[in-house]
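Novice: Here you go, one structure.
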Amino acid sequence: MFDGHLRVAVDRAVKPLGQALRRTKISPDQLTVVGMVMGCAAAVAIASGHLFWGLILVILAALPDLLDGALAKATSTASPRGAFFDSVVDRVTDALLFGGVAWYFASTQSAHLAILPLAISGMSSVISYERAKAEALGLSAKGGLMERAERIIFLCLG
Numbered sequence: 061m062f063d064g065h066l067r068v069a070v071d072r073a074v075k076p077l078g079q080a081l082r083r084t085k086i087s088p089d090q091l092t093v094v095g096m097v098m099g100c101a102a103a104v105a106i107a108s109g110h111l112f113w114g115l116i117l118v119i120l121a122a123l124p125d126l127l128d129g130a131l132a133k134a135t136s137t138a139s140p141r142g143a144f145f146d147s148v149v150d151r152v153t154d155a156l157l158f159g160g161v162a163w164y165f166a167s168t169q170s171a172h173l174a175i176l177p178l179a180i181s182g183m184s185s186v187i188s189y190e191r192a193k194a195e196a197l198g199l200s201a202k203g204g205l206m207e208r209a210e211r212i213i214f215l216c217l218g
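All residue numbers for the sequence shown refer to this note's numbering, where the first residue is 61 and numbers rise by one.
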């Protein structure tokens, strides 16, 4: 939903940032990894009960993820391999974040509540698989109710 409807506006807004980053030695893949490392730090902060810092780190982790594609386009290095790498890293980061929330719930709330973020993580993987399988079969699976941007926004709000 967010990714589908606002993608053009977001791409237009980050294009100048991608152009500015082009002057540095950082690669799009390095930005992707920086986002994942920050996501890991956010998961650890959340799991250990430092929710404010976890929120800050989730927001900061979203920035490199937002900019890696703009940098790839600005440097003419956008490729299917880069898009694949970014997508896999996004799924890993999502799983770590929801795992951090599950750990927090299990250690501070009812262990039964820990099932919820694990179920959300599992469903987000199913949604990613569904989209990939549909595209492999020549079907369109764009849009949807809860794409990655919405999952991260709801994680931050929760």
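All residues carry an ideal CB built from backbone N, CA and C; glycine is no exception.
1. Specify the secondary structure class of Leu123 as computed by DSSP and reduced to three states.
2. Tell me whether Ile175 is buried or exposed, calling it buried when 16 or more other Cβ atoms sit within 10 Å of its Cβ.
3. What is the DSSP secondary structure of Arg83, reduced to helix, strand or coil?
4. Note down, in chain order, each residue of its chain lying with its Cβ closer than 7 Å to the Cβ of Leu156, except the 5 sequence neighbours on either side.
5. Tell me the rounded alpha-carbon separation between Val148 and Ser170.
6. Out of Leu111, Ala107, Thr153, Arg82, point me to the one whose CA is closest to Ala134's CA.
7. Verify whether the separation of the beta carbon atoms of Trp163 and Ala73 is less than 8 Å.
8. State buried or exposed for Met183, treating a residue as buried only when at least 16 other CB atoms are found within 10 Å of its CB.
9. Output the residue ranges of the alpha helix (DSSP H) runs that lie fully inside the segment 126–176 and measure 4 residues or longer, sorted by chain position.
10. Can you tell me whether Ser200 is helix, strand or coil according to DSSP?
11. Please determine, among Ala192, Pro76, Leu126, Leu131, the residue with the shortest C-alpha to C-alpha distance to Leu66.
12. Can you tell me where the alpha helix (DSSP H) with Gly99 in it begins and where it stops?
13. Under 7 Å Cβ to Cβ from Gln7, same chain only, skipping five residues before and after it: list those, please.
14. Taking the straight line between their C-alpha atoms, what separation do you get for Ser188 and Val152?
Specialist: With the given structure in hand:
1. DSSP places Leu123 in helix when its eight states are reduced to three.
2. exposed
3. It is coil, neither helix nor strand.
4. Contacts found: Gly99, Cys100, Ala103.
5. Spanning the two alpha carbons is a distance of roughly 31 Å.
6. The residue with the shortest Cα to Cα distance from Ala134 is Arg82.
7. no
8. exposed
9. You should have 140–168.
10. coil
11. Leu126
12. 88–107
13. In the structure as shown, the chain begins at 61 and stops at 218. Residue 7 is therefore absent and cannot be evaluated.
14. 12 Å
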